[in-house]
Amino acid sequence: MQQEILINYTPQETRVAVVENGAVQELHVERALERGQVGDIYLGKVVRVLPGMQSAFIDIGAQRTAFLHVADVWQPPAAGEAPAAQRSAPQRPIEKLVFEGQALMVQVIKDAIGAKGARLSTQISIAGRMLVFLPQEAHVGISQKIAPAQRESLRQRVQALAQQAALESGGRARGGFIVRTNAEDADDAALAEDIAYLRKTWACIREAASRTPPGALLRQDLCLMQRVLRDMAGEHTQSIRIDSQEQLQRLLRFGNEFMPQAARLLSHYSGERPIFDLYGIDEEITRALGRRVELKSGGYLVIDQTEALTTIDVNTGAFTGARNFGETIFKTNLEAAQAIARQLRLRNLGGIIIVDFIDMATPEHQQAVLAELRRQLARDRVKTTAADGFSPLGLLELTRKRTRESLAQMLSQPCPLCQGSGRVRTARTVAYDILREILREAHQFNPREFRIVAHPAVIALLQDEESQHLASLSDHIGKPISLQAESSLGLESFDVALS
1 MQQEILINYT PQETRVAVVE NGAVQELHVE RALERGQVGD IYLGKVVRVL
51 PGMQSAFIDI GAQRTAFLHV ADVWQPPAAG EAPAAQRSAP QRPIEKLVFE
101 GQALMVQVIK DAIGAKGARL STQISIAGRM LVFLPQEAHV GISQKIAPAQ
151 RESLRQRVQA LAQQAALESG GRARGGFIVR TNAEDADDAA LAEDIAYLRK
201 TWACIREAAS RTPPGALLRQ DLCLMQRVLR DMAGEHTQSI RIDSQEQLQR
251 LLRFGNEFMP QAARLLSHYS GERPIFDLYG IDEEITRALG RRVELKSGGY
301 LVIDQTEALT TIDVNTGAFT GARNFGETIF KTNLEAAQAI ARQLRLRNLG
351 GIIIVDFIDM ATPEHQQAVL AELRRQLARD RVKTTAADGF SPLGLLELTR
401 KRTRESLAQM LSQPCPLCQG SGRVRTARTV AYDILREILR EAHQFNPREF
451 RIVAHPAVIA LLQDEESQHL ASLSDHIGKP ISLQAESSLG LESFDVALS
């Protein structure tokens, strides 16, 4: 796999595209006025404790109070208790852990979405290039993506380097680590550099917490461009191109200090065409905001995103190329599995995802499609879990970790005419609503005339096909009814004026 990362920078917005083998796989957008909070650390203030919900609301200086559930409250182990025993111990109720007015160091683990405030955790973690530092823990965990044969040796190396760093600084080793996949082939020097950076960052956070009032930001997570170097650049990345010389220099300074290997991939794009035109990325963004995704075979997907879940429907469309109908369905579902994995990454769809593949008669076809989907999902950096098999109704259930808004939620808003339903009432339905409204008004008022102001399509219908009903209503109420077309009104909007 060949990977290229393109960064388009403007003062108001940064956009990042991850291109693999010539196809856009991921899109990331960060706006200066809408930057997410995931990873940010605050000194919060408990404003309300809800024992019935086992949660609390925390003021972190945002417009909406943030949400803390008891499962996300770190509890120190009892004296002599091993970490494993602590994790399996019963959770204490939240009213025993926090109280109103308490100053509490918290970290955002999920951005505010819609009417919901940000979700918080008191279990602090600070991510580096190779490691994640857990200042409240004492163990070293290993990424599941690292080969089992290497895990124990990596654990011992990190433990030894952490103890050595603590001794050199005159203290004892405190805090635990999670070894990231990037550390699989790292040497001791790179690991030690990451440990020093993470401990220094934690010391700065603690120092800031001791001198700032509740509600203050203690540490802001890295911006999108910096996260490209930390999280997205990997062994398959050939280049990272950015179209701003000024931001390139800033990124080089950051990268040379913390991620020198990734920094070597950076270069300035100075072409005449906009950088996103290289792979038609703007057109890809437009397609990613639509419901329908065309497949090369002639089939298509229909993707509907709701607040609770996302549904994906697979259809054969015009594809009839296989030898028989069963093979046609199988080939369409195989192609759909590849497209679905890509769309999840491209649109950043998270939460519960229900896929309605075309019904397959043979279990062998079902297992082959499921295996292909899992193979494609393995390339996703975001944790995605597929069910072991199809449900009795032939549906496949997926879950994908959601920490920020999807592409559609970030770049679009519900239609003001249909309020997000995707449908509006017909002109005839609106015309009949108007006739009923006139009858309702005639029972309450006695004007000289009723004037209907509505969309031109509605007025045209009342003047033509519904003219007889309009005349009958006028005779019934004994008042004239005049019509006025207003193109600025939506199809469902109208006004009945009395004169």
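As numbered in UniProt numbering, residues 1 to 499 make up the sequence shown, in order.
Cβ atoms here follow ideal geometry from the backbone N, Cα and C, with glycine treated the same way.
1) Mind checking whether the beta-carbon of Q484 lies closer than 7 Å to any heavy atom of the ligand ATP?
2) Nearest by alpha-carbon distance to V18: which of H28, D433, Q12 and I312 is it?
3) Which of the three DSSP states, helix, strand or coil, is assigned to K96?
4) Taking only runs that begin and end inside the region 234 to 271, name each unbroken beta strand (DSSP E) of 3 or more residues, in chain order.
5) Check whether the Cβ atoms of L131 and I205 sit closer than 8 Å, and answer yes or no.
6) Going by CA-CA distance only, name the one from H69, G394 and L43 that's closest to G52.
7) Compare the C-alpha of Q419 against each of Q12, A66, D185 and S493 and name the closest.
8) What do you get for M225, buried or exposed, if any count of 16 or more other CB atoms within 10 angstroms of its CB means buried?
9) Between which two residues does the beta strand (DSSP E) holding I434 run?
10) How many angstroms separate the CA atom of L411 from the CA atom of F325?
11) I need the straight-line Cα distance from A103 to A457, nearest angstrom please.
12) In the DSSP assignment, find the unbroken alpha helix (DSSP H) run with F330 in it and report its ends.
13) Quick check: what's the CA-CA separation for D304 versus L289?
14) Note down, in chain order, each residue of its chain lying with its Cβ closer than 7 Å to the Cβ of Q136, except the 5 sequence neighbours on either side.
15) Return the CA-CA distance between G255 and G317, expressed in angstroms with no decimal places.
16) What is the DSSP secondary structure of M225, reduced to helix, strand or coil?
17) Could you compute how far the alpha carbon of G44 sits from the alpha carbon of G299?
18) By Cβ distance, which residues of its chain are closer than 7 Å to V228, with the 5 residues on each side in sequence left out?
19) Does the Cβ of F67 have 16 or more other Cβ atoms within 10 Å, making it buried, or fewer, making it exposed?
20) Under the three-state reduction of DSSP, which class applies to F494: helix, strand or coil?
21) Decide yes or no for the touch test of the region 211 to 221 against the region 236 to 253: beta carbon pairs closer than 8 Å, at least 3 of them.
22) If you follow the beta strand (DSSP E) that H469 is part of, which residue opens it and which one closes it?
23) Going by DSSP, name the residue or residues bridged to R119.
24) Decide if D194 is buried, meaning its Cβ has at least 16 other Cβ atoms within 10 Å, or exposed.
25) If you drop the 5 nearest sequence neighbours on each side, which residues of the same chain put their C-beta closer than 6 Å to that of R347?
26) Rounded to the nearest angstrom, what separates A85 and R404 at their Cα positions?
27) Any contact between the region 327 to 347 and the region 355 to 365? By contact I mean 3 or more CB pairs, one from each, below 8 Å.
28) For the beta strand (DSSP E) that contains I353, what are its first and last residues?
29) Over what stretch of residues does the alpha helix (DSSP H) that includes K200 continue unbroken?
30) Consult DSSP for A85 and reduce its assignment to one of helix, strand or coil.
31) With DSSP run on the structure shown, which of helix, strand or coil describes Q30?
32) By the 10 Å Cβ neighbour count, where 16 or more other Cβ atoms means buried, how is S55 classified, buried or exposed?
Reading off the structure:
1) Because no ligand of any kind appears in the structure shown, any question about the ligand ATP cannot be addressed here.
2) Numbered from its first residue, the sequence shown carries residue 18 at position 18. Checked all of H28, D433, Q12 and I312; the closest Cα to V18 is H28.
3) As a working note, residue 96 is residue 96 in the sequence shown. Reduced to three states, the DSSP call for K96 is helix.
4) Segments of the beta strand (DSSP E) lying fully in the region 234 to 271: 237 to 242 and 266 to 268.
5) Translated into the one-based positions of the sequence shown, residue 131 becomes position 131. Translated into the one-based positions of the sequence shown, residue 205 becomes position 205. Pairing L131 with I205 gives a Cβ-Cβ distance that is not under 8 Å.
6) Locating residue 52 in the sequence shown gives position 52, counting from the first residue. Answer by Cα proximity: H69.
7) Start at 1 with the first residue of the sequence shown, and residue 419 comes out as number 419. From the listed residues Q12, A66, D185 and S493, the smallest Cα separation to Q419 is found for S493.
8) By one-based count along the sequence shown, residue 225 stands at place 225. Counting the other CB atoms within 10 Å of its CB gives M225 a total of 16 or more, which places it among the buried residues.
9) Here residue 434 corresponds to residue number 434 of the sequence shown, with the count starting at 1. In this chain, I434 is not harboured by any beta strand (DSSP E); it is covered by the alpha helix (DSSP H) spanning A427 to Q444.
10) For the purposes of this step, residue 411 is taken as residue 411 along the sequence shown, with counting starting at 1. For the purposes of this step, residue 325 is taken as residue 325 along the sequence shown, with counting starting at 1. So the two alpha carbons sit approximately 40 Å from each other.
11) Translated into positions along the sequence shown, residue 103 becomes position 103. Translated into positions along the sequence shown, residue 457 becomes position 457. Distance between A103 and A457, taken at the CA atoms: about 60 Å.
12) For the purposes of this step, residue 330 is taken as the residue at position 330 of the sequence shown. F330 -> alpha helix (DSSP H) spans F325 to R347.
13) Taking the first residue of the sequence shown as position 1, residue 304 is located at position 304. Taking the first residue of the sequence shown as position 1, residue 289 is located at position 289. Whole-angstrom Cα-Cα distance: 10 Å.
14) For this step, residue 136 is matched to residue 136 along the sequence shown. In the same chain as Q136, and ignoring 5 residues on each side of it, the C-beta atoms closer than 7 Å to its own belong to W74, Q123 and I124, in chain order.
15) Locating residue 255 in the sequence shown gives position 255, where the first residue counts as 1. Locating residue 317 in the sequence shown gives position 317, where the first residue counts as 1. Whole-angstrom Cα-Cα distance: 48 Å.
16) As a working mapping, residue 225 is identified with position 225 in the sequence shown. DSSP places M225 in helix when its eight states are reduced to three.
17) For the purposes of this step, residue 44 is taken as the residue at position 44 of the sequence shown. For the purposes of this step, residue 299 is taken as the residue at position 299 of the sequence shown. G44 and G299 have their C-alpha atoms roughly 51 Å apart.
18) Your numbering for residue 228 matches position 228 in the sequence shown. Residues I5, I7, V16 and I240 of the same chain have their beta carbon placed closer than 7 Å to that of V228, with the five preceding and five following residues left out of the count.
19) Here residue 67 refers to the residue found at position 67 when the sequence shown is read from its first residue. Under this definition F67 is a buried residue.
20) For this step, residue 494 is matched to residue 494 along the sequence shown. Strand.
21) The region 211 to 221 makes no contact with the region 236 to 253; the number of CB pairs closer than 8 Å stays below 3.
22) Taking the first residue of the sequence shown as position 1, residue 469 is located at position 469. It is not in any beta strand (DSSP E) - H469 instead sits in the alpha helix (DSSP H) that spans S467 to I477.
23) Stepping through the sequence shown from its first residue, residue 119 is reached at position 119. Paired residue(s): F67 and K110.
24) By 1-based counting over the sequence shown, the position of residue 194 is 194. That one is buried.
25) Here residue 347 refers to the residue found at position 347 of the sequence shown. Contacts found: A288, S406 and L407.
26) The residue labelled residue 85 in the question sits at position 85 within the sequence shown. The residue labelled residue 404 in the question sits at position 404 within the sequence shown. Reliability fails at A85, whose pLDDT of 49 lies under 50, so the model's placement of it is uncertain and no value is given.
27) Yes, the region 327 to 347 is in contact with the region 355 to 365.
28) Within the sequence shown, numbered from 1, the residue matching residue 353 stands at position 353. Start and end: G351 to D356.
29) In the sequence shown, counting from the first residue as 1, residue 200 sits at position 200. Counting along the chain, the alpha helix (DSSP H) containing K200 begins and ends at D188 to A209.
30) Within the sequence shown, numbered from 1, the residue matching residue 85 stands at position 85. Any reading at A85 must be qualified, since the residue scores a pLDDT of 49, below 50, and its modelled position is unreliable; the value itself is stated next. The answer is helix: DSSP assigns A85 an H, G or I state.
31) Indexing the sequence shown from 1 puts residue 30 at position 30. Here residue 30 turns out to be Glu, not Gln, going by the sequence shown. Secondary structure at E30: strand, using DSSP grouped into helix, strand and coil.
32) Within the sequence shown, residue 55 is the residue found at index 55, counting from 1. By the Cβ-count criterion, S55 is buried, with 16 or more other Cβ atoms from all chains shown falling within 10 Å of its own Cβ.
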